[in-house]
Amino acid sequence: MPTFRQLKALGLIAQTGSFTKAAERMHITQSAVSVLMRELEEEVGQPLIERGRVIRLTDVGEHLHRAGNLAAQEVDRALQEIRDVRRWSRTVLRVAAGPLSAATIVPMALARLAHSPERPRVVLIDQPVRMLGDLLLAGEADLAVGSVDLPLRRSSSELKSTLLLADHLSIVCARCNALAQRALDAGGLTWADLAQAPLVLVGRNGGQWDSLLREQLAQHEGLTVGYEVQLLSTALELVRQDLGVAVLPRMATRMLDPAAFYAGPLRDASARWNTYCVTRGGRDVRQSASAAFLEALRQSIDESELTPR
Numbered sequence: 029m030p031t032f033r034q035l036k037a038l039g040l041i042a043q044t045g046s047f048t049k050a051a052e053r054m055h056i057t058q059s060a061v062s063v064l065m066r067e068l069e070e071e072v073g074q075p076l077i078e079r080g081r082v083i084r085l086t087d088v089g090e091h092l093h094r095a096g097n098l099a100a101q102e103v104d105r106a107l108q109e110i111r112d113v114r115r116w117s118r119t120v121l122r123v124a125a126g127p128l129s130a131a132t133i134v135p136m137a138l139a140r141l142a143h144s145p146e147r148p149r150v151v152l153i154d155q156p157v158r159m160l161g162d163l164l165l166a167g168e169a170d171l172a173v174g175s176v177d178l179p180l181r182r183s184s185s186e187l188k189s190t191l192l193l194a195d196h197l198s199i200v201c202a203r204c205n206a207l208a209q210r211a212l213d214a215g216g217l218t219w220a221d222l223a224q225a226p227l228v229l230v231g232r233n234g235g236q237w238d239s240l241l242r243e244q245l246a247q248h249e250g251l252t253v254g255y256e257v258q259l260l261s262t263a264l265e266l267v268r269q270d271l272g273v274a275v276l277p278r279m280a281t282r283m284l285d286p287a288a289f290y291a292g293p294l295r296d297a298s299a300r301w302n303t304y305c306v307t308r309g310g311r312d313v314r315q316s317a318s319a320a321f322l323e324a325l326r327q328s329i330d331e332s333e334l335t336p337r
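Start counting the sequence shown at 29; every next residue gets the next number (the numbering used here).
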C-alpha cells in the first residue's frame with residue numbers, strides 16, 4: 029500500500045518537475061526521494077515517472093497523483109475536523125441539501141437537533157440536487173437530503189439512501205390568477221388544466237423532474253416550461269408576479285401567504301415527490317451524529333403531518 033510520504037514525493041515531482049526541488053520541499057536528500065519513487069513503482073508494478081531531459085509523470089503516475097491528492101485532502105479535512113471537535117467539544121456534521129429540502133424540512137430538523145443531547149455542530153451546504161452526489165463522493169459532505177436517490181444509485185454503489193418522504197404534488201399560482209378560482213371550484217387541478225400556463229420549476233436537473241416532465245409533456249399538449257430556477261424563493265416570487273404556475277411538493281407550500289398565493293392539490297394519484305437522506309458507506313466519527321440528524325428529520329416530518337414515509 030503506497031504511503032502518504034511516497035504520494036507526497038510523487039506530487040512534488042509533478043509540481044516541480046525535479047527530484048532535487050521535491051527533496052528540498054520535503055527537507056530530505058535527493059537520493060531519499062529516488063528511493064521513495066523506486067519503492068512506489070515496485071508497489072504499483074509500472075513506471076510512474078518519465079526520466080529524461082524533462083521529468084514528468086506517466087499516465088499511470090498522473091492517475092495515482094490525482095488519487096493521492098484526493099486522499100491527502102480527505103486526511104487534511106479529517107485533521108481539521110478533529111481540531112474543530114476539540115475546539116467546539118462536539119462533532120461537526122456536514123449536511124448537503126437540495127433547494128427544496130434546504131428551504132423546508134432541513135431547518136425544522138436543525139431546530140430539533142439544537143435541543144438534543146447529541147447536538148452536533150452542523151455545516152449546511154445548500155446546492156443544486158445534481159451536485160449532491162459529487163459532494164458526498166468527494167468527502168465534502170457527510171450526508172445529503174433531497175430528491176437524489178435515482179441519479180446516485182446509477183452513479184455509485186458507495187452511497188446508501190433512505191426514503192424520508194413520498195409527498196403529494198401541489199399547484200401554486202398567484203391568488204389573482206384565473207386558475208386559482210378554477211382550482212377552488214374543482215378541489216384542485218390536473219395536468220391538463222395547466223395547458224398554456226407557463227410552468228415554474230425548481231431544480232429540474234434532478235432525476236424526478238426529468239422523468240415526470242417527459243411523461244406529462246408527452247401526454248398533455250400545451251404544457252410549456254416558462255422558468256427553470258434553482259431556488260425556491262425565486263420560483264415563488266415569479267409565481268407571486270403571476271409569471272407562471274409552480275408544481276411543488278406539498279411540504280414547500282405549507283407557509284405560503286394565502287392572500288398572495290393559491291396552493292392546492294395536483295389531482296394525479298401517481299405523482300409523488302420522493303425525498304431521501306443519502307449517506308456514504310462505512311463507519312466514521314460522525315455516524316452517531318448522522319443517525320441523530322436522520323431521526324430529527326423523521327420526527328419533523330411526522331409532526332408536520334406530511335405524507336408518511
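Just so it is clear, CB atoms sit at the ideal spot from N, CA and C, and this is done for glycine as well.
The alpha helix (DSSP H) runs lying completely inside the stretch 237-288 and spanning 4 residues or more are 260-268, given in chain order. Under the criterion of beta carbons closer than 8 angstroms, Trp-301 and Ser-175 qualify as touching, at roughly 7 angstroms.
Of Ala-208, Leu-138 and Gly-80, the smallest CA-CA separation from Leu-325 is found for Leu-138. Take the alpha-carbon of Gln-244 and the one of Ala-130: they are about 27 angstroms apart. Contact between the stretch 158-166 and the stretch 196-215 is absent: fewer than three C-beta pairs spanning the two stretches fall below 8 angstroms. Secondary structure of Thr-48 (DSSP, three-state): helix. If you check the CB distance, Leu-191 and Phe-321 do not come in under 8 angstroms.
Ranked by how close their Cα comes to the Cα of Pro-127, the residues Val-150, Ala-106 and Asp-154 have Asp-154 in first place. Counting the other Cβ atoms within 10 Å of the Cβ of Gln-34 gives 16 or more, which makes it buried. Ranked by Cα distance from Arg-84, the first of Gln-108, Val-173 and Leu-40 is Leu-40.
Per DSSP, Arg-79 is not a residue of any beta strand (DSSP E), being assigned neither H nor E. Contact fails between the stretch 202-215 and the stretch 248-265, because fewer than three Cβ pairs, one in each stretch, are under 8 angstroms apart. The DSSP-derived three-state label of Gly-96 is helix.
Less than 8 angstroms divides the Cβ of Val-173 from the Cβ of Val-134. For the beta strand (DSSP E) assignment, the uninterrupted runs of no fewer than 3 residues enclosed by the stretch 131-175 are, from N- to C-terminal side, 149-154 and 171-174.
Nearest in C-alpha terms to Pro-30, of all of Arg-66, Gly-45 and Glu-78, is Arg-66.
With distances taken between CA atoms, Ala-42 lies nearest to His-93 out of Val-273, His-55 and His-93. Residue burial is scored here from C-beta neighbours: Gly-96 has at least 16 other C-beta atoms within 10 angstroms and is therefore classed as buried.
Taken atom to atom, the span from the alpha-carbon of Ala-124 to that of Val-306 is near 10 angstroms. In this structure Asp-330 is not in contact with Arg-278, their Cβ atoms being roughly 15 angstroms apart against a cut-off of 8 angstroms. In the three-state DSSP reduction, Ile-83 falls in the coil class, being neither helix nor strand. For Ile-329, there is no enclosing beta strand (DSSP E); the enclosing alpha helix (DSSP H) has its first and last residue at 315-331. Taking each of Leu-141, Lys-36 and Ser-46 in turn and checking the Cα distance to Asp-104, the smallest one comes out for Lys-36.
If you draw a straight line from the Cα of Phe-32 to the Cα of Ala-60, it comes to about 15 angstroms. In the displayed model, Arg-308 falls within a strand according to three-state DSSP.
Burial state of Thr-132 is buried, judged by a 10 Å Cβ sphere holding 16 or more other Cβ atoms. Per DSSP, the unbroken beta strand (DSSP E) holding Ala-194 starts and ends at 187-202.
Taking C-beta atoms as the reference points, Cys-204 and Asp-270 count as a pair closer than 8 angstroms. Between Ala-225 and Val-257, the C-beta spacing is not below 8 angstroms.
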